[in-house]
Amino acid sequence: MTWWRQRTERGVAPWVRTRLRTAPGAAVAFGVLVLVTAFLAAALPRALDAYETKGLRQEIASAPPAATSVELSAPQPGLEIAQSTREKAVRPPALAAVRRAALAGLPAPLRADTTESAYGVRTSKSLVGLNHWLPVIDAPPHFTLAAQSDLAAHATVRGGRLPTAAGKVTAETRKVEAAVTEATARTLRLRVGSVVNVDGFGGAPLAVRITGIVEPRHPQGGYWSAEPVLRTPGVAADAPVPPQFYWDAGLLLAPGAAPVLLGSQGQPELYWRFAPATGRLTAQDVPALVSRIASLEGGPELLRMREAAGSTAAVSTDLEKVVGSYTTTRAAITPVVAVGTFGIGAVAAVVLVMAGGLLAVRRAAELALLRARGGSLRGIAGRLLAETAVVAVPAAAVGLLLAVLTVDEARLGPAVLGASAVALLACAVLPVRAVVAHRRPRANAERDDLAQARPGRRRTVAELTVLVLAVGSVVALRRRGASSTGDFLVSAAPVLVGLIAALVLVRLYPLPLRWAARPAARGRGVVGFLSLARAGRSSTVGVALPLLALLLALTTAAFGGSVLAGVSDARDRAALLATGADARIAGPGEATELPAGVAGAVRKVAGVREVTAVRTERTAELASGGAGGKDGLTLIGVEPESYARLARQTGLGAFPADVLKPKGTGDARTGGVLNAVASPGLAERLGRAPRRITSPAGEVTVRIAAVRSRTPAAPGADFLLVDAAGLERSDPTTLLATGATLDGPALRAAVRGAGKGLTVTVRAEERAALSDAPLQAGAERIYTAAALAGAGYAVLALLLSLLQSAPERAALLARLHTMGLTPRQGRRLLSLDALPQALLAASGGMLAGWATVRLLAPGIDLERLALAAAAGRAPVVGASLRTDVWSLVLPAAGTVLLAWAVAVAQAWWAGRRTSITELRTGGMR
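Number 799 in the numbering used here belongs to position 122 of the sequence shown; there are no gaps in the numbering.
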């Protein structure tokens, strides 16, 4: 007979089923806690993978196709080969065969987007157009001739037809057909039927007849933008001094006309261009991708490409530079994110331990009885392990499944490890806690009053060890910064600071209880004395774990909130420095005067509060001798009153308007000296003596009257600010508008009607652009989740702490009600009973959060996290960690209010039950 039949015949109920039926509410609550924690532990690494992968893909997609395309090129076939063989090598069938072989030879993870890839033959050196009607800048226009594949699939014919290769085109042919884009036709004055004579083909020029004008279907794609001259003509220059400028454009021949290029002096070459496909590329592929690119450019993979394209073929790309830029940004962001994620992981672990501890305390009498009746530690631990595993393992599996369904495009392994770690901790905490507490049978529970506790040597040594680790981590973080990925000691700095704060508060907590207990005992009221006595009788473990969880949660929330506040401040500052006001309207290069009606049109736009006109001369020079005699500077002419208000409102170099007003008679036009506000570098160059400045606005003599580091009109340059009334030409080149809700499209519509070529830069749009990068946005979401999860776990830790002592408080209140305690006194008693620990945690959490930010601020540089997208757009400003008051106060205040609300609710609920019922159900307490 099998063992399970024997157990059934004896009528012994299974342990696990009996325990789950006895306390289903506790099992469900524990399962929900494990599910949520497992979901966070599994979702976090998947979220990291997801935003890093998205960041890599966008980095490649947003880079110029000329930089990301992988190009396999080969020079024209050698002259020692027969002419017919040379021509055959450049015809479409031969080029297509090489393309197929090259595509098959691309090493993973590098994959090609065939829809944006192209191949063909082109002149690597542009050739001169000989027609007299072609537009000339300093020299006649030059043309790049390309016989590129699949033109019909990438362009829409707007006039005429696509070119064809009539008959058999050879190197001796001197008449071919070509198509041009609409931009090329418009700039070079070409139309269907035009014949362009191209020099560089021996005796007679090549006559290229334009048969079609096309419009690119995806002009920013790799087909057209990898070699932009084929899409849009540009201005180029020759080397001689002075340089000779000319138009550089492209002519698109039929693929079958490629042999004609062999007869040119334009150094024809064969090329196969592959646009990278990013749909299957992940952040984990970066090391392999960089390695494969290096091998393609000069390693074993290049030899395989040469087997297909010839021994002289070469591979070129700047994709490794694009990936390197992404890697640099990720390497700067990842350690900062690790600091926040380490904190939330520690909080979750402590709360799980607290939950297991609550179950162990509730069943202390049961386990003590089992131990006294001969139960072995192994047997008890095994039953408890099975009991918790039945709940924890399925809950962790569900949490893992939810994380996988919620966050896609990420690895499964780290998520499984995270959920498994949560399940393991949840399963182990109750058996381990029971084994430690009941390692020897006890007749009565031993008192462990906090007020009378005396730390032992082991505890002192452990606390000193933690203190040394905390000091080491803080020092390492301040000296090296959060730049070492995988350095767990540095990442654990906030957690260790919070742990030290908890240990210190646990040691200090009994002191105020002892001091307050004496006067309370001599008073007439009973509520204060009873609440202090109850707080003093709390066990050390019952206070230390909840306090540790609360402090870690509050510290994590404060640190995460401070990171987000620092990032937001830095982006606000960068957006302001990019515009100088809420909106900036200027002509090309801020070098041309604005039309007369622009300022009035801008003032009429809804939301505009004030418009300040300035004249900016970025080519001004110091005319007088001395240091920096002909060095350039930015001369800014302003109206003193309005500009001073603008500087004061924006906080960019505020100054009194009287500073710019002359103290003597005359003005610059009659030899007077203008007062000026200068940047520090320029003030050091010019000194305090009057200096002569020349600019397109006229010559002026200035004297430095004040020095400011920044100014709205030129936030990132050395500037010289003067009264525009003293300039010979004072018409504005820039408008700076302020207003709380400026509408960018409305401003652009207004200036479009007042003038042409004007640009509008809106501060709110610049600010939004700084938050678009997936790496930065993903890291912000991680920190936001860490702050919210920290606050949530703080609430949970407080609730667990109150639930642990709830039966004792209910029984105490019932006994005191039988002795005449009023309901109002009962509410006061439970409120005062819960407040000491809540106030201690709240004050300690604020102090620990403030100390963490202050200690770690020198080692946390948020510049990459805040401003990585600002390169080339806005002046870069430092982004440092700063204390966010709301992140400190709100979670701490919420902790106190929640503790008070739970105590009042428990007193109200206890008042609804009769004392006899409560004492009967709580007789064992």
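Ideal placement from N, C-alpha and C gives every residue a C-beta, glycine not left out.
- The residues F951 and T994, in chain order, have a CB closer than 6 Å to that of V747 in the same chain once the five nearest residues on each side in sequence are set aside.
- For G1364 and L1398, the gap between their C-alpha atoms comes out near 15 Å.
- Counting other Cβ atoms within 10 Å of its Cβ, I758 stays below 16 and is therefore classed as exposed.
- Residue pairing from DSSP leaves T1142 without any beta-bridge partner.
- Around the beta carbon of T1293, 16 or more other beta carbons sit within 10 angstroms, so the residue counts as buried.
- Taking 9 Å as the cut-off, the Cβ atoms of A1258 and L1323 count as close.
- If you compare the alpha carbons of L1490, R776, Q1583 and Q961 with that of A727, the shortest gap goes to Q961.
- Residue pairing of Y948 in beta bridges, as defined by DSSP: S750 and G797.
- Shown here, D1395 sits in coil according to DSSP, grouped into three states, outside any helix or strand.
- By the criterion of a C-beta distance shorter than 6 Å, V834 is surrounded in its chain by G889 and V891, once the five residues flanking it on both sides are discounted.
- Distances from the CA of V1275 to each of L717, A1263 and M1031 were compared; the closest alpha carbon is that of A1263.
- Ranked by how close their Cα comes to the Cα of Y948, the residues E1540, L697 and R768 have R768 in first place.
- As summarised for the region 1245 to 1323, the continuous beta strand (DSSP E) elements at least 3 residues long and confined to that stretch are 1260 to 1263, 1287 to 1299 and 1309 to 1315, given in chain order.
- With fewer than 16 neighbouring CB atoms inside 10 Å of its own CB, E1318 falls in the exposed class.
- For R863, there is no enclosing beta strand (DSSP E); the residue is part of the alpha helix (DSSP H) that begins and ends at E859 to L865.
- Following the DSSP letters along the chain, one finds D726 inside the alpha helix (DSSP H) bounded by residues P701 to S739.
- Bridge partners of W924 according to DSSP: V912.
- When the beta-carbon positions are compared, G1076 and V1106 stay at least 9 Å from each other.
- Here the alpha carbons of L1329 and L1337 stand approximately 16 Å from one another.
- H819 carries a strand assignment under DSSP once its states are collapsed to helix, strand and coil.
- For E892, the enclosing beta strand (DSSP E) starts and ends at L883 to P893.
- Rounded to whole angstroms, T1327 and P1389 show a C-alpha spacing of 8 Å.
- Judged by DSSP secondary structure, L996 falls within the alpha helix (DSSP H) whose first and last residues are L996 to R1039.
- Proximity to T841 across R886, T821, L865 and A881 peaks at R886, based on C-alpha coordinates.
- Between H831 and L928, the alpha-carbon positions lie close to 15 Å from each other.
- In the three-state reduction of the DSSP assignment, P977 falls in the helix class, which pools H, G and I.
- Where S902 is concerned, the enclosing alpha helix (DSSP H) starts and stops at G899 to S902.
- Restricting attention to K845, L749 and G1059, the CA atom closest to the CA of E764 is found in K845.
- Counting along the chain, R1380 sits inside the beta strand (DSSP E) bounded by residues V1377 to V1384.
- Cβ neighbours of T955 within its own chain (closer than 7 Å, five residues either side excluded): R734, I737 and A738.
- Here G899 has P742, T745, S746, D790, E793, S794, A795, R950 and A952 as same chain residues with Cβ atoms under 8 Å from its own Cβ, once five neighbours each way along the sequence are excluded.
- According to DSSP, residue pairing for L1351 in a beta bridge involves V1379.
- Beyond the five residues adjoining it in sequence on each side, P754 comes within less than 6 Å, by CB distance, of R763 and A766 in the same chain, given in chain order.
- Each residue's CA atom was taken as its position, placing R1261 and L1228 some 47 Å apart.
- The shortest C-alpha to C-alpha distance from W924 to any of R1117, D1420, S871 and T821 is the one to T821.
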